[in-house]
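These notes are about the structure you will find just below.
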Amino acid sequence: MRRLINRHESKLVGLCDPICLGILLFITGFLVIYELYYILPHLCDTRGLAYKLNHVLAFFLTFNILGNIWCCRRTDTSLEAVSKIRQHPPLHEAHLWRLCTHCQMLMPPRSWHCRRCKKCVLKRDHHCNFLCTCIGFTNQRYFVALLLHLTVGCFFSLLYNGIFLWQKRMLIVNEPMIFFGNMVDKDPEQLANWYEYQKVLFHMGIFKLLTLVTAGPCVHFFYQLYMLWRGTSMGRKDDRSYDLGGWQNLRLTFGHRMWWVFLSPFLKSKQPHDGTQWQLAPQSI
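Quick note: the sequence shown, position 125, residue 125 per full-length UniProt numbering, numbers continuous.
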């Protein structure tokens, strides 16, 4: 089985990545429609201010989620994206560059070759299956912003679904590992409408799945911030050779407008350098 997987690894990866991206887009679209046009009308007046404000918030989050997905995928974070001159090391830094045996070219510090993307990625963090691309120096700001907006969106969905289930007197969590529950003090056989009972199961299943969906981007978002603050990456978690201090490390990723990049993925925020030259931490010199 392992030999079969290794033989067809590239085909499996080529199939898996688009499926993961499709799942992400489907869940995003489904939750937006489900929350705005089914859950919220049960919680507030559709002609009131609260309903309109929730629409504004939902469209803001959706715009940032889709925009950051687009920018993250469209931004080339490989060595080939920099100018031809910068693809070769300065004489005083030549000893820091390494030869990539796949591309047959020198790589700057903190760069690694991705077998899936078939490129040398600047400050490679990891390959994201859900975005079908590598996360590196120039697109990590979009990835972190995407995680933040996914977390906020899922949190509000979880909150509204919890209120909805509470008002309907449905059992929210009966067993953490089971995604279908039962009505509180109601026997399914006593329900006059079988369809109504199935709808109850559906709502409870959505809520329980939302708890898992919310945990994923939330944990990953704080983990990304933790690594960025320390000047590390997922591939080299313990290497703090380039740790210049928390705020400076964040500016390297988010640029000079690092507080504004979370408002829109299309705001320009120039980074201090192009990802080929890295200053060592004082304690590493």
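Don't be surprised by glycine CBs; every beta carbon is placed ideally from N, CA and C.
Here the region 208-225 makes no contact with the region 91-105; the two share fewer than three CB pairs at distances below 8 Å. Sequence-distant partners of Leu146 (beyond 5 residues in either direction) whose C-beta falls short of 7 Å from its own C-beta, in its chain, are Ile65, Asn68, Ile69, Cys72.
Assignment of Leu159 by DSSP, reduced to helix, strand and coil, places it in the helix class. Leaving aside the five residues that flank Pro109 on each side, the residues in its chain whose CB is nearer than 6 Å to its CB run, in chain order, Leu96, Trp278.
By alpha-carbon distance to Gly235, the top candidate from Gly275, Val121, Lys168, Phe130 is Val121. Contact check between the region 124-131 and the region 242-250: fewer than three CB pairs, one atom from each, fall below 8 Å, which does not count as touching.
For Thr138, the closest C-alpha among the options Pro89, Thr77, Pro18 is that of Thr77. With a contact defined as Cβ atoms closer than 8 Å, Arg141 and Gly255 qualify at about 7 Å. With respect to the 7 Å criterion, Leu228 and Thr211 are not classified as neighbours on the basis of their beta carbons. Within its own chain, the residues whose Cβ lies closer than 6 Å to the Cβ of Arg257, once the five positions on either side in sequence are excluded, are Ser269, listed in chain order. The beta carbons of Cys114 and Cys134 sit closer together than 7 Å. For Leu106, the beta-bridge partners assigned by DSSP are Leu99. In terms of Cβ geometry, Phe164 and His42 form a close pair [threshold 7 Å]. If the five residues before and after His203 are omitted, its C-beta is found closer than 8 Å to the C-beta atoms of Asn161, Phe164, Leu165, Lys168, Met170, all from its own chain and listed in chain order. Contact annotation: Leu61 and His149 have beta-carbon atoms nearer than 7 Å. Counted as a single uninterrupted DSSP element, the beta strand (DSSP E) harbouring Cys114 occupies residues 112-114. When C-alpha distances from Pro282 are compared across Thr276, Gly205, Arg240, Pro265, the shortest belongs to Arg240.
As the crow flies, the alpha-carbon of Leu25 is around 29 Å from that of Gln271. By a beta-carbon distance limit of 8 Å, Lys119 contacts Glu80. Their separation comes to about 7 Å. Judged by DSSP in its simplified three-state form, Lys119 adopts strand. Per DSSP, Cys44 lies in no alpha helix (DSSP H) segment and is marked neither H nor E. The three-state secondary structure of His273, taken from DSSP, is coil.
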